[in-house]
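If you read the sequences in order, they're chains A and B.
Just so we're aligned, residue 1 is where the first sequence starts under the working numbering, counting upward by one.
Just so we're aligned, residue 1001 is where the second sequence starts under the working numbering, counting upward by one.
Report on one structure; see the data block that follows.
There are 2 protein chains.
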Amino acid sequence: MNFAEGKKQFIQTWGKLGSEWGINRTMAQVHALLLIAPKPLSTEEIMEELSISRGNANMNIRDLISWNLVHKELVPGDRKEYFLAEKDIWEIAKRISRERKRREIEPVKNVLHQLQEVEGDRSNEDVKAFTDMMNQLGGFVDKMDKSVDIMLSSDQSWFFGMLLKLIK
Amino acid sequence: MNFAEGKKQFIQTWGKLGSEWGINRTMAQVHALLLIAPKPLSTEEIMEELSISRGNANMNIRDLISWNLVHKELVPGDRKEYFLAEKDIWEIAKRISRERKRREIEPVKNVLHQLQEVEGDRSNEDVKAFTDMMNQLGGFVDKMDKSVDIMLSSDQSWFFGMLLKLIK
DNA sequence: TTGAATTTTCAGTAATTATTGAAAGTTTGA
DNA sequence: TCAAACTTTCAATAATTACTGAAAATTCAA
Chain A
1 MNFAEGKKQF
11 IQTWGKLGSE
21 WGINRTMAQV
31 HALLLIAPKP
41 LSTEEIMEEL
51 SISRGNANMN
61 IRDLISWNLV
71 HKELVPGDRK
81 EYFLAEKDIW
91 EIAKRISRER
101 KRREIEPVKN
111 VLHQLQEVEG
121 DRSNEDVKAF
131 TDMMNQLGGF
141 VDKMDKSVDI
151 MLSSDQSWFF
161 GMLLKLIK
Chain B
1001 MNFAEGKKQF
1011 IQTWGKLGSE
1021 WGINRTMAQV
1031 HALLLIAPKP
1041 LSTEEIMEEL
1051 SISRGNANMN
1061 IRDLISWNLV
1071 HKELVPGDRK
1081 EYFLAEKDIW
1091 EIAKRISRER
1101 KRREIEPVKN
1111 VLHQLQEVEG
1121 DRSNEDVKAF
1131 TDMMNQLGGF
1141 VDKMDKSVDI
1151 MLSSDQSWFF
1161 GMLLKLIK
């Protein structure tokens, strides 16, 4: 496979993976493009490479910035903004984890804790089943949340070293 | 909060979480309903509780079965099929992980390995950046994949015990 | 200040994804 | 073997999500 084909396939694959995990396909494609770019790219270049409109490019770049995966780069003597992606994969994983935790896990955690306190006849089997499940889920989400905290304060080799040390 | 409100909120919350993670909202809601049901439910009951059509209920139940999260239960002397969800949260987490690994991670892993072999001028900075990123991503996905394997062969208390033992 | 360059917004539209409901298919007891 | 009970399929439709492009807002050099 040559470079041009490889690039195209990477952008496609990353976009598909993103959409399978609830991330806008185009945002993932912009991310893919920036991940393999040796230099910062302008909005124009991103529009051009992915054949998307200015509005679309702008919104998805902003979104990537709000995930801390991309930042602006200012080139002296140039009015345009350029964009550069974080390239370290462990750092990328941490930033995605941090945002998903904040945006999606913690709100659910709070709801589950609320739901552990529903009032109702404890001898009623529906209420019993509900409360049991809320307790189980609440406990699990708490542990997941703490696991993410550990990961966020680790470096890659320590983290995987610990996790994988028992492979046969 | 009373039971009826709590149930409604749990179904809503689980559906929202699912959709944020790329899972059909209704499938997640059917799952939520079955998770808190003390007995197997029929298609009719699911349609009724969630106000969805027969076709929709049927497709999402099939989907949950294909994820190994739900199975059929046959009641002697009854023609209808009833559905029961796996209730153990660690088992649920494993089954979801197993399927996402199989359906989404492994295909990406294979593509990334392919992409590590793109032909091209190594002195070209675009090619260099591309290859470096494919190597980094390939290595990372391999480690994630192995981590999931460990998790799949662990029990909950061992897994979290190991992971959380270093919390200050 | 001014105005050209650039970025952002957002109403309208397109594309994608999910749902309905009725017809076709299957199963099972008599 | 029949036919009622039940499940599955899928074309049509609805709902949701994403995208465009032009206008508005912003920035900045002169």
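Positions of the beta carbon are idealized from the N, C-alpha and C atoms, including for glycine.
Integer Cβ distance of residue i from residue j, believed to fall under 8 Å
| i | j | result |
| --- | --- | --- |
| G120 (chain A) | V127 (chain A) | 4 Å |
| W21 (chain A) | G1022 (chain B) | 5 Å |
| L1033 (chain B) | E1049 (chain B) | 6 Å |
| F83 (chain A) | P40 (chain A) | 6 Å |
| E1104 (chain B) | R1095 (chain B) | E1104 (chain B) to R1095 (chain B), Cβ: 14 Å. No contact. |
| K1143 (chain B) | F160 (chain A) | 5 Å |
Neighbour flag for residue i against chain B, beta carbons, 8 Å
| i | result |
| --- | --- |
| A129 (chain A) | yes |
| L17 (chain A) | yes |
| E20 (chain A) | yes |
| K8 (chain A) | no |
| V118 (chain A) | yes |
| S147 (chain A) | yes |
| T26 (chain A) | no |
| F3 (chain A) | yes |
| L163 (chain A) | yes |
| L115 (chain A) | yes |
| K143 (chain A) | yes |
| L64 (chain A) | no |
| I89 (chain A) | yes |
| T43 (chain A) | no |
| I96 (chain A) | no |
| I61 (chain A) | no |
| L50 (chain A) | no |
| L69 (chain A) | no |
| E99 (chain A) | no |
| L74 (chain A) | no |
| E104 (chain A) | yes |
| I11 (chain A) | no |
| L152 (chain A) | no |
Check whether residue i and residue j have beta carbons under 8 Å apart
| i | j | result |
| --- | --- | --- |
| L1112 (chain B) | V1141 (chain B) | yes |
| F130 (chain A) | K1007 (chain B) | yes |
| W1067 (chain B) | E1106 (chain B) | no |
| I1036 (chain B) | M1 (chain A) | no |
| V70 (chain A) | I61 (chain A) | yes |
| L166 (chain A) | I1150 (chain B) | yes |
| N58 (chain A) | T43 (chain A) | yes |
| E1005 (chain B) | P38 (chain A) | no |
| L17 (chain A) | V1108 (chain B) | yes |
| Q1114 (chain B) | I89 (chain A) | no |
| K1101 (chain B) | D1063 (chain B) | no |
| T13 (chain A) | I52 (chain A) | no |
Cross-strand partners of residue i (DSSP beta bridge)
| i | result |
| --- | --- |
| K1179 (chain B) | Within the shown structure, residues of chain B are numbered from 1001 to 1168, placing residue 1179 (chain B) beyond reach of any answer. |
| N1002 (chain B) | A:E119 |
Interface flag, residue i vs chain A, CB-CB below 8 Å
| i | result |
| --- | --- |
| K1109 (chain B) | no |
| F1160 (chain B) | yes |
| Q1136 (chain B) | yes |
| E1125 (chain B) | yes |
| F1083 (chain B) | no |
| L1035 (chain B) | yes |
| M1133 (chain B) | yes |
| S1053 (chain B) | no |
| I1046 (chain B) | no |
| P1038 (chain B) | yes |
Contact test: residue i Cβ vs the ligand ADP heavy atom, cutoff 7 Å
| i | result |
| --- | --- |
| K109 (chain A) | Ligands in the displayed structure: none, and consequently the ligand ADP is not present. |
Query - Whole runs of the alpha helix (DSSP H) within the segment 1024-1064 of chain B, excluding any shorter than 4 residues - result: 1025-1035, 1043-1050
Query raised in the report: Which runs of the alpha helix (DSSP H), 4 residues or longer, sit entirely within the segment 106-133 of chain A?
Result: 106-115
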